[in-house]
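Position in the sequence shown counted from 1, then plus 16, gives you the numbering used here. Written out below as structure tokens is the structure these notes cover.
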Amino acid sequence: MKRFSMALAALIAASSLSVPVALQAGTIEGTVTAKGARDARDAVVYVDVIKDKVFPPPKEHAKMDQKNMVFIPHVLPVLAGTTVDFLNSDDVLHNVFTPDKCAQKFNLGTWPKGQSRAFTFKQVGCAAVMLCNVHPEMEAFVVASPTPYFAKTGPDGKFRIEGVPAGSYTVQIWHEKLKASPAAVTVPAEGTATIAFALAK
Ligand SMILES: [Cu+2]
17 MKRFSMALAA LIAASSLSVP VALQAGTIEG TVTAKGARDA RDAVVYVDVI KDKVFPPPKE
77 HAKMDQKNMV FIPHVLPVLA GTTVDFLNSD DVLHNVFTPD KCAQKFNLGT WPKGQSRAFT
137 FKQVGCAAVM LCNVHPEMEA FVVASPTPYF AKTGPDGKFR IEGVPAGSYT VQIWHEKLKA
197 SPAAVTVPAE GTATIAFALA K
């Protein structure tokens, strides 16, 4: 009897150690080169629509600041459905509007320092330019990814997307001026899939 319960205990311990299939996740990482740009920063790499998968948008808002007469960050990737708060941190009035249809050509108006106004980016795959009608040189982008598996390249062109469930996906890349073909990738249960994107005109 004792022997049996010990075996049972060992079995339970072993089964609790094994990771459920749904939690098995790997990483997508890689490098982007950009022919025709100063460097390969601020490209958004994201896993495209996954059939029969819906990702509820986060309750937490994303944030884009207007500080020292620039939008920060210059490129903001979010999961589609995310609300972005646009903050003014300058002593002057700023505005935020977009001429892009996928963001309903919104114009949030003009507001002073310390205040913010919000917009929810519902359309999957929308890459919308953010402009300020007070300062024509101000420009930024919000990119609405269909999945929570996205990343932005750093100045070295590198990106890393962690926690991607094992499977085969199409990975898209967005850049404000350049283009590259999507890549097919298979993510292992544990480990890394690597992609090299070559952006060009
Ligand atoms: Cu402005």
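Just so it is clear, CB atoms sit at the ideal spot from N, CA and C, and this is done for glycine as well. If you're wondering where the values come from, they're calculated on a predicted model, not measured in any experiment.
- For the pair Val203 and Met80, the CB atoms are not nearer than the 9 angstroms cut-off.
- Selection Ala205, Lys217, Tyr185 evaluated against Val61 yields Tyr185 as nearest (Cα-Cα).
- Check the Cα spacing between His110 and each of Lys168, Val150, Phe122: the tightest is with Val150.
- Glu155 is bridged by DSSP to Leu147.
- A distance criterion of 8 angstroms places the beta-carbon of Leu109 in contact range of ligand 1, judged by its closest non-hydrogen atom.
- Two segments are said to touch when three or more pairs of C-beta atoms, one from each, lie closer than 8 angstroms; by this definition the stretch 39-52 touches the stretch 167-179.
- As the crow flies, the alpha-carbon of Pro128 is around 8 angstroms from that of Asp106.
- Remark: three or more beta-carbon pairs, one from each stretch, lie closer than 8 angstroms, so the stretch 182-198 and the stretch 62-79 are flagged as touching.
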